[in-house]
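Inspection log for the structure reproduced underneath, given as structure tokens.
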DNA sequence: TCTGGGGTCCTAGGACCC
DNA sequence: TCTGGGGTCCTAGGACCC
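Numbering (our numbering), first residue to last: -1 to 421.
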């Protein structure tokens, strides 16, 4: 029997910003999405002010001003690096680890300790001391129950950040489940919550007591698994091997709407290159590429259009030149004049490891291109992403993102490293 | 004026085959 | 007039996650 522990960094992006600017402790702080559009992370103080997750910034302008909330554009170089620091501490202490997202991982403590709560309290202190990031830990017999426990660990300060449902009797578990709203259960999103509410299921205990056949019918195999996990029957195991990605996407909302074909393709061309360099880094190749464009779905005053198309490649590739040419063909098919485009993107699909590729009769990746890609990747890695691009680099692209307040790359760029003086 | 980005899995239905 | 049964593969859309 596994003992699942879910380690979750508290308000992760907000906490990362704070590590290097301790003057922000106890102050409300928010981190924004690309384009500085939505709120994607909030410190505890900001949550208390009623700022909800995902809210568009323009709707809370007043609150931001009134409480002088510290506002940051997202800084993924910093968050990614802080994440790997936290994860490496955990991986060293517990080899059975599944990194689930940038700020979360599951552990199996079964072979590590007889006292999971004690072990978790200690690791929590270690992480805070060594990296400066506060974490919460939930423990349970299934991943879903560990998630539930984590929720308690976060919201109930008397738990001091660790809460366990492992070796807990049914009566106690049910008392906990009764206080978990159905929409807070892992695997139950907006649509299913709505459906369950209509059917008078409002909390996790009511879900636990509902009929398996009915849930299977209404929510498919996925829903049934969630129900079983709530009952304490594991349906999701720990994924020890990092899962091979099956697709890679690069898409952006443009800083403003764009109507000219070549300007939109400037963006698409760059997205292809970003996505291609991502798969090259993972030593993968793709067998298909998808391109999509769309107008501003929030603007009710303009005519809407969105479309996407996929193209399959004869020989799998990670060559930016080949992929840009293919994207161009797809793009020409999709493009319609007279619309104002607000978003575009590229997906590289059907990925698999490069070594396993059998060259086709007409190979479409030239050796010279391969070397060129390697050179481009090296230069971009050294001098900053997209410093070298295919095509003509426009000086000022209309579609570029807005980012007004990005913090420094404290941990990944030499000139941003904080200096400590002796006095 | 201003509404993110990147993933996965499941299912139903159509095309096609024998 | 009659209109099978069983299988695979692919795709689009819908749900979820962070």
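Ideal Cβ positions, reconstructed from N, Cα and C, are used throughout, including at glycine.
How should residue i be labelled, buried or exposed, when 16 other C-beta atoms within 10 angstroms of its C-beta is the threshold for buried?
i	result
residue 341	buried
residue 256	buried
residue 142	buried
residue 173	exposed
residue 6	buried
residue 373	exposed
residue 155	exposed
residue 412	exposed
residue 190	buried
residue 0	buried
residue 164	buried
residue 92	buried
residue 292	buried
residue 51	exposed
residue 212	exposed
residue 76	buried
residue 278	buried
To which residues does DSSP link residue i through a beta bridge?
i	result
residue 286	310, 347
residue 3	105, 137
residue 292	304, 341
residue 251	341
residue 256	339
residue 99	102
Just verifying my parser: in three-state terms, what is the DSSP assignment at residue i?
i	result
residue 116	helix
residue 385	coil
residue 14	helix
residue 315	strand
residue 324	helix
residue 405	coil
residue 270	helix
residue 246	strand
residue 130	coil
residue 419	coil
residue 221	helix
residue 125	helix
residue 330	helix
Are the beta-carbon atoms belonging to residue i and residue j less than 8 Å from one another?
i	j	result
residue 114	residue 153	no
residue 30	residue 71	yes
residue 129	residue 84	yes
residue 376	residue 34	no
residue 316	residue 290	no
residue 323	residue 287	no
residue 194	residue 210	no
residue 265	residue 104	no
residue 25	residue 68	yes
residue 319	residue 367	yes
residue 135	residue 148	yes
residue 387	residue 311	no
residue 351	residue 232	no
residue 159	residue 248	no
residue 10	residue 94	no
residue 40	residue 28	yes
residue 284	residue 348	yes
residue 321	residue 294	no
residue 219	residue 208	no
residue 333	residue 259	yes
residue 87	residue 137	no
residue 405	residue 43	no
residue 205	residue 171	no
residue 246	residue 273	yes
residue 32	residue 251	yes
| Along the chain, which unbroken stretches of the alpha helix (DSSP H) at least 4 residues long are found entirely within the region 23 to 96? | Unbroken alpha helix (DSSP H) runs of no fewer than 4 residues, entirely contained in the region 23 to 96, are found at 42 to 46, 59 to 64, 74 to 91, following chain order.
| query | Counting only runs that start and end within the region 152 to 216, where is the beta strand (DSSP E) found for 3 or more residues in a row? | reply | List check, beta strand (DSSP E) in window: 160 to 162.
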